[in-house]
Structure formats: C-alpha cells, structure tokens
Amino acid sequence: MLLTSTINVVLFLVCLFGLEVHSVDRSNFKTCEQSNFCKRCRSMDKNQNSVFELKPDSMILTEKYFEALILNKNYEDVSLRMRLDGLKDSILRLRINKDGYQMHKRFQPVHALVTEPITEPMTMARNSSTIELELSTNIKMYITIAPFKLDVFFNNELTIGVNHDNLMQFEHFRSKPESIPDNEIGSWEEYFKEHQDSKPRGPSAVAMDFKLYTSTSLYGLPEHADNLALKGTYGNEPYRFYNLDVFEYELYNGMALYGAVPFLMGHGKKNSVGVFWLNAAETWVDIAGVKENSEHTSVVESIVNLVSGSTAEKDVPKAHFMSECGIIDFFIMLGPRPLDVTRQYSSLTGTAPLPPLYSLAYHQCRWNYNDQKDVHTVETNFDVYDIPMDVMWLDIEYTDGKKYFTWDPIKFSDPLEMVNNLTSKGRKLVTIIDPHIKRDTNYFFHNDALSNDYYVKNKDGNVYEGWCWPGSSSYLDFMNPRAIEYYVSRYSYDNFVGPTDGIAIWNDMNEPSVFNGPEVTMPKDCIHHGDLEHRDIHNIYGLMQVLSTYEGLLARSSGKKRPFILTRSHFAGTQRFAAVWTGDNMAEWSHLKISIPMCLSLAISGISFCGADVGGFFNNPDKELIIRWYQTGAYLPFFRGHAHIDTKRREPWLFDKQTTLLIRDAIRTRYSLLPLWYSIFRDHELTGFPVIRPLFFEFPFEEQLNNIDSEFMVGNILLVCPVLEQNVQELTCYFPGHEEIWYDRDTYQPIKTNGLAKIQAPINKVPVYQRGGTIVPIKQRVRRSSVLMRDDPYTLIVAIDHKGFAKGSLYIDDEETFEYRDGNFAYIIYEYINNQMISKCLHNEGFNTKSWVEKVMIVGIPSVFTKATVHVDGSNSFESIVSYNTNNQVLTIRKPAIGIAQNWTITLL
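Numbering (full-length UniProt numbering) for the sequence shown: 1 to 909.
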C-alpha cells in the first residue's frame, strides 16, 4: 500500500520503527467548523422559533411510559415518536426516533446499559398547551406542546429544562437532492485533508439543549485533559467526543481523546443532577453559564475568586449536545446529592466488579521489556531492593512479528516458564492484545477472519485495510456476534498457547487507531455487521473489544476467576469490564497535575478504576518528578509505572539511593493500604459510589470546594493533597468540613482548623490525612507481592472525631474468584464509642481467614487510660498491653491476639 502524503509517511515510520513525534499536531484533528454536522447544529439560533411540536391527539400514557408524536413543521410528512419513561430511583429517560419507515437503521448503543431499566408508573393531567406528568410526590414534569419543551421539577423547583433554547435537531434520512442547499453543503460528502467521507446516507444529526437551573458548576464529560469543573465553550471549541489516538496530548482544552463518556453532572447548593446522553457517534458539547475559572488556578486563587465574586455567574448553566447520527436518547438523574447522581448513573451503566486484589497493587511496565531474561531480571530486582510488585507487563514486542496471540520464538521462547517464575512469587503477567490484525497469509488469525468474514468492510464492501503497528492491517468487526465468538475462543488455554491464569490482558489502540486513516482512525463510511456505518458505532468500538476480551477471560476459567483488563478506549459501561488509564502522557509536572482531574472526572462518571502512567510515558523524568509521581500515583486506583521505548530505563533502583528509597516508601504505603482499597472497591460494586472523589462529593454544601481538583478523597476516609509542582517544600491545602478533624497519616497530629492551611511538604512527605470519625484497616508486613500478604495480621487505625466516635469496615474474601458472589466472604464493621472498640462480623459464611488483629491504634485520645480489657464472644476476658504517646495522643493496644473475623470488644480502663 502506498502512503503518499507527508503525514502518512511520518506515521508509517512511527509505526514501523517507534520513532517519536513530539507534541500533538492539532491540524490532524477536526474542529467543530470542519465537522459539518457540528457547524450546522452550532449555528442554530436559540432565539429562533422551534420547528418541533407535539401532535395533540397522539398523546397516550400507559402503565410504563408516556408517548406522543412530534411534528417537524419544515417537513409536514415527517413525524418523530417521543417516549418518556419514569424509572426507579428518581431517573427519567426520554427517547425520540423517526416514526414509521426509515431508509436506514438508526443505532442505539444499548451495550452501555447493564440491563434494560425498569419503569415506574406515572400519572398525567393535560390542558390545551401543557401536559403534566408526576412520577412521585417530588418529581413533576411539564411538557409544552408547541413548541416542544420539557420542564423537570424536583421538590417543586425547576431543576432541568429540555429544549429551552430551541436547539433540538433531528435530521431524518432522505434522498440526495439534485441541488444541495447552502446550509447542507458538506452533508452528503465531506473532506478532511486528503480524506473523503462519502456520507452515502446524508445528514442525520441529532441535538438537544439542557438548562440546569439549580446548578452553579458542571462536571463530567470525560475523557478530556482539562479541569474537573467544565468551562464555557462559546467563543472556543466545544468538548468533543470522538475516540482518537492522540499521543502527547495538549492540556486544558476540549479536544477529543481516547474515551467518550457523555455524562454530565450539575451541582449547586440545593442539589445535584445528571444528564446521560446515550449516543456512540461523534458528539460535541457546548457549555455555557458556568463560573469561569482559570485553567491553572491554585486552591488559594480559587477560594479568593469565590469570595471576591470575580467568578460570578453569567447565566444558568447549560449544555448543548450535538451528535452526528443515532437517535435522541438521554437520561436525567435527579440526585439530590452528588453521590446519589453517580449512584443513579451507575444503576444504568453498571459498576466495576470487585477487581482481583493484585490489580490494586503495583504494576511495572515499559514498551518493551526485551526478552524473558529481561523480565526475570527486573522482577528479581524488586526483591533485591525489597520493593513490592505484583504485575509485570509486556507491550507489543513480545509477539511474533506483531501478530497477537503469538510469542516471539526467540525472545519469548518459553512463555509458560516465564509465567510460572512470576506466579511462584505471587506475581502476574499482562500481555497486550490490540484490535488491528496483521495481514499475513502465514497468520492463523488473519486467515480465519478473512475466510469467515469477520473483518470490518470499506464503503465498497471489501475488507478494510489500514496501517498500524504490524503495517498493513485489518480490523475485527466486534459488532458481528460470530466474530466476537471467535475472538473469545482465542483466549482459551488451548488456543493462546503458553499462558496460565497468571496472565491478564491489555487492550490498547482500540479507538481504533489507524495510522493512515482520517484523524488517525477508521473512516466513518466503513461498514459493520448489520449494515451499520462506522460513524454509528465509533465510540463503542473499544467497549465492544473489552466486552469480548472479558468474555474470553471469563470463559477460559469457566467463570471462576475475576478477569483483569486495561483499556485505552472507553465509553459509558466500560467499567463493567476494564480499568482505564489516561493514555500517552508526558514526563512533565503539568501532566502529573492533570492526572487528578482526569481520573476524578472518570470516577464521578462511573469509571473509578483509573490511573496515569507514573513518571510519564514520553520523555525522561528527573528524580524529583519521579518521586512526586510515585507519591501521587500510590493514591490513584490504578498504579502502574510505564514508559516509551525511546526513554531511559527507570526501574526504581536505577536512580540515586534517596530516590529509590522514596519510591519504595510510596509503593510500600500502597501495599499497607490494600485492605482499605479493597473494601472501598467492594462498596463501589454494591453502591456505585466513586472510589476516589472530588471534595465537594463529601461536603456538597461548601461552595469553596467546587473548583478544587488538586486534592481528592479516597472513599470518604482519606484526604490526599499531593505535591504537583516543582521545588515545593510547602503547599496550601484546603481542609473541608466545619466540624471535621483531619489527622496526618505520618505523624497522627490533628488539624482542627477547617479551610486553608499551610503544610510542610519536604521531598519525603506525602500530605495525606485520615478523617476523624473513621477506622482504617492496614497491613504492615513487607512482602514481595499482595498474594503473600493474604494471612498477614491487621492493624486498625482508629481516628476519633470531636465527639470521641469512629466507625469503619473491612471486607475480606479469597481475592481472586467470584465465590464472594455466593456468600464466601467476611464483612466486619467497627465502632469506637464510649471508650470501647467494638468489632462485629456481620457476614462470614463459608470463608475462613487466618488473619488476626495485631494492633489497634486510637488516634486523638486523651491520656486517661492505662489498660485495656479484651472480651471475645464466647471466651473469657483478658488484659492487653497498652502504650501511650503524649506527643500525638495515640494509644496503642498491642497484640490483642484476636481473629480478624471474630466478634470482640476492647474496653479502655
């Protein structure tokens, strides 16, 4: 295949030789003005008269939904069918599609939904101009007949307005006219650089505007390298959803990246609400009416701006969603608190199943470890330097000529031996499987896919060919059930020769990345199974791959073992199958800083299992940056060091002694907190609550927190205020809560003054604080991997609040199988009250643990106690050793010698 343009030659060289191209070339990616449907939808005037109105005699209310026809006054023969559902847990769903015959199928990405939502009955009343619907005593909806509008009231207050700016659009399929009107030029054929999009089906855009009346700030819409709080876009580019391979991406803008989660959250003093726009096509979102905040505003500046009024509201916050095709299908979640909104959204798209414990530990990766000997040397050196590590990773070079499900016969000649060497130490291996398939007649996968018609087609109906790492490649069609079935089968132990269950999977380049394609991806007029164009399904292509990978890993263990998958491309619902990372970042302080709001945006949008490449993927971090990145990464859910093939090796021991020791400290801290991480992830699976959270999630009534994204919470327990800038020895942190006490995790010294406070942060200090009133379970034995910690004893850190109270919980199971869903787990709750520490095991059926309580540390307690009596249910009481540190008011009860899953009480005397 000939590559004629300069950019294709450059990308081809990157493909073949791994040559590094510095900084993103924005001209390779469309602006709204260059995306014809975005230009059309955005040019609509909010002051225009709407062309859409309800047909009065078409309205019906069934036991499950309200339905009516919507007429388009510009096309009298076209009618749309609108359906409004009231759902459980204060959620609404509205769908609009063409009524009757359509020339082409309109795609709905129902794969994002965990199940079909359950409807609840509504009541209806109407007059000549308005329909009133009531879902519950606190939710009422008013539909204006002409023009069509929807008002949603929560607790008798207008909360969300739909189509209030008359920006609704629904372009129906129609035959190409002989003469194309000026306002539809580019609707039937569009060019970008040297690429032609044939658009054989013509214009098909859908759009809707939303006003969030009770909100002051908007959040969500990941994935973008931007602040947590969304910024106004009028006069700038809208936020774009179009999954793309953008290496060395720019920061603080709305350019499309690897993932698309069209979920929006509005938050204000009164309540929080959410909008989920269920559409997998290219989508742009305009934001207006929000408090403007500088892209680099510090915590201090954010507070000062709020107090001074320099960020005063311009208007009611609003969002305008514009998609190239599909139907109008959106959900409204009415909260009322931020945690409620994420829970409601997660009830639709699912939560992450409890990951295997090893996946929450530390991962070591680079592109690429050279061979089996290199893998063995690296993992052995973690033991030499006494640094825990659970997972080694292999990038694309482990394969035989970039052919997935194969091994390089020389460099990785005995993969089973390599895996067994790792698993003997409790470690795992991750291998990469990308969606592009090398076009090689000696490659079984290509031959099978070609002969069985499993590939995506081009617009002419022939197998599509593009360029990626192997050179000429074709792409599996994950919309084809037979192709999925084949792909799933490749993960079986019989077919993927070499690995055991000690191997997990990394799905990369699955936007999909096509080096010589328009915007480095697949042409929109390619054809998928079911006569779907690629434009219909683009943003769920990666989701469909990880769904298939998950099924493959599940099948190979007969459904017993929990799969671990990492994916780059993602959509709503990806959390049910895989973890996500922020892609090809850079070894720069700004990329360390942006990793926090990027992962927070994903977490509040359902995808909690997120991390960033520690140290930066491109370029070489200096020792200060690598230390601070490890210290920060240890408190993000996914914790992996990774680097580009052209970077210097950066395993922890390759730096000076101080740097190695500080990296080791950060990794060891992560391992000590694994019981907490595991318990929070179990809570996430059950409730949908984010694992990491913005501060305003826990303290929704403190307006000062709305723009803070340099700090975050782990669960509702730890406050993390990482060092994100160079040469910092002191920083200012915001301590939320009007009556909260925060305890330094290193010194246990209390911080009782809420608001801004200066914190000393030398290079060996990670500013992390335990919330008063909480109990944190930790393990303090240093092991080489998490598996070897399984039976280790626990220490309980009891941080009392200003009333002398604390509570917490601990979840334990076998850490790797799905038996916990059959009840094989232990769940313990703790309470410290009235000078007693009480442990109750609420569930422990069919699960045994050898772990015991090694130590209980009660933080913030006055020095009035000299001994402790331990009483275990069914046994006699006995006294335990007590010591007290007057400097930080910590009372320690040592070796009470009680089983972790027993019921017991410790009374201080």
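We put the CB at the ideal spot given by N, CA and C, even for glycine.
If you're wondering where the values come from, they're calculated on a predicted model, not measured in any experiment.
Beta-ladder partner(s) of Trp742, from DSSP: Answer is Ile751 and Arg771.
Can you check DSSP and say which residues form a bridge with Met586? Paired residue(s): Phe618.
In the DSSP output, what is Ser272 paired with across the bridge? Bridge partners of Ser272: His267.
With a Cβ-Cβ cutoff of 7 Å, do Ala207 and Leu167 count as a contact? For Ala207 and Leu167, yes; Cβs fall inside 7 Å.
In this structure, how does DSSP classify Ala260 when only helix, strand and coil are distinguished? Looking at Ala260 - three-state DSSP - the assignment turns out to be strand.
Are the C-beta atoms of Thr747 and some chain C residue less than 7 Å apart? The chain labelled as chain C is not found in the depicted structure, where only one protein chain is given.
Does Ala229 pass the burial test, meaning 16 or more other C-beta atoms within 10 Å, or should it be called exposed? Buried is the call here.
Alpha carbon to alpha carbon, how far is Asp286 from Arg26? Give it in angstroms, no decimals. Their backbone Cα atoms lie some 20 Å apart in a straight line.
Roughly how many angstroms lie between the CA atoms of Leu71 and Asp99, to the nearest whole one? So the two alpha carbons sit approximately 10 Å from each other.
What does the alpha-carbon distance come out to for the pair Phe331 and Tyr219? Using only the alpha carbons, I get a separation of about 16 Å.
From Ile858 to Leu909, what distance separates their C-alpha atoms? Looking at the two C-alpha atoms, the distance is approximately 14 Å.
Do Leu731 and Ile759 have their C-beta atoms within less than 7 Å of each other? A contact, by the Cβ cut-off of 7 Å.
Could you pull out every residue in the same chain whose Cβ sits closer than 7 Å to the Cβ of His738, ignoring the five residues on either side in sequence? Excluding sequence neighbours, His738 sits near Asn754.
Which class does Pro652 belong to by DSSP, given the choice of helix, strand or coil? Reduced to three states, the DSSP call for Pro652 is helix.
Proximity to Phe878 [Cα-Cα], best of Asn885, Thr886, Lys867 and Trp393: Among Asn885, Thr886, Lys867 and Trp393, the Cα nearest to that of Phe878 is on Lys867.
Own chain residues within Cβ distance below 6 Å of Pro762, not counting five before or after: Cβ neighbours of Pro762 beyond the five flanking positions: Gln729.
Whole-angstrom distance between Gln836 and residue 917, CA atom to CA atom: In the structure as shown, the chain begins at 1 and stops at 909. Residue 917 is therefore absent and cannot be evaluated.
Proximity winner among Tyr491, Ala483 and Asp340, relative to Pro563 (alpha-carbon distances): When Tyr491, Ala483 and Asp340 are compared, the shortest CA-CA separation from Pro563 is found for Tyr491.
Buried or exposed, going by whether 16 or more other CB atoms sit within 10 Å of the CB of Tyr794? Under this definition Tyr794 is a buried residue.
Taking buried to mean at least 16 other C-beta atoms within 10 Å of its own C-beta, is Pro767 buried or exposed? Residue environment: Pro767 is assigned as buried (16 or more neighbouring CB atoms within 10 Å of its CB, all protein chains considered).
The beta strand (DSSP E) that contains Ile627, what's its start and end? Element bounds for Ile627: not the beta strand (DSSP E) but the alpha helix (DSSP H), Lys623 to Gly633.
Which partner residues of Thr795 appear in the DSSP bridge assignment? Its beta-bridge partners are Ile778 and Lys855.
On the DSSP bridge assignment, give the partners of Tyr142 in chain order. BP columns for Tyr142 point to Glu132 and Asp151.
Quick one: grab the DSSP three-state call for Cys599. DSSP, read as helix, strand or coil, puts Cys599 in helix.
Can you tell me where the beta strand (DSSP E) holding Ala868 begins and where it ends? In the DSSP assignment, Ala868 falls within the beta strand (DSSP E) that extends over Ala868 to Val872.
Mapping DSSP to helix, strand and coil, what is Arg556? Of the three classes helix, strand and coil, the one that applies to Arg556 here is helix, per DSSP.
Considering only residues of the same chain and omitting the five flanking positions on each side of Gly426, which have a CB-CB separation below 6 Å? If we look at Gly426 and ignore the five residues flanking it on each side, its Cβ neighbours are Ser785, Val787 and Leu788.
Rounded distance between the beta-carbons of Tyr443 and Leu476, thought under 8 Å: About 13 Å separates the two Cβ atoms, so there is no contact after all.
In or out: Val488 buried (at least 16 other Cβ within 10 Å) or exposed? Using a 10 angstroms sphere on the CB of Val488, the tally of other CB atoms reaches 16 or more, which defines it as buried.
Sequence-distant residues of the same chain with beta carbon closer than 8 Å to Glu189, five excluded per side: Counting only Cβ-Cβ distances below 8 Å, and skipping sequence neighbours, we find Gln196, Asp197, Ser198 and Lys199.
Let me check understanding here. Comparing Cα to Cα, which of Leu600, Met586 and Lys402 lies closest to Pro621? The residue from Leu600, Met586 and Lys402 with its alpha-carbon nearest to that of Pro621 is Met586.
Nearest-angstrom beta carbon gap, Glu248 and Asp584 [assumed within contact, 8 Å]: 6 Å between Cβ atoms; contact.
With Val856 and Leu796 assumed to form a contact (beta carbons below 8 Å), what rounded beta-carbon distance in angstroms separates them? Confirmed, about 5 Å.
Quick check: the Cα distance between Ala901 and Lys807, rounded to an integer number of angstroms? Between Ala901 and Lys807, the alpha-carbon positions lie close to 16 Å from each other.
Of the listed residues Tyr358, Lys140 and Lys55, nearest to Met82 (C-alpha basis): Ranking the options by Cα distance to Met82, first place goes to Lys55.
Since Met598 and Ala225 are thought to touch, with beta carbons under 8 Å apart, how far apart are those beta carbons, to the nearest angstrom? Going by Cβ atoms, the distance from Met598 to Ala225 rounds to 6 Å, so yes, they are a contact pair.
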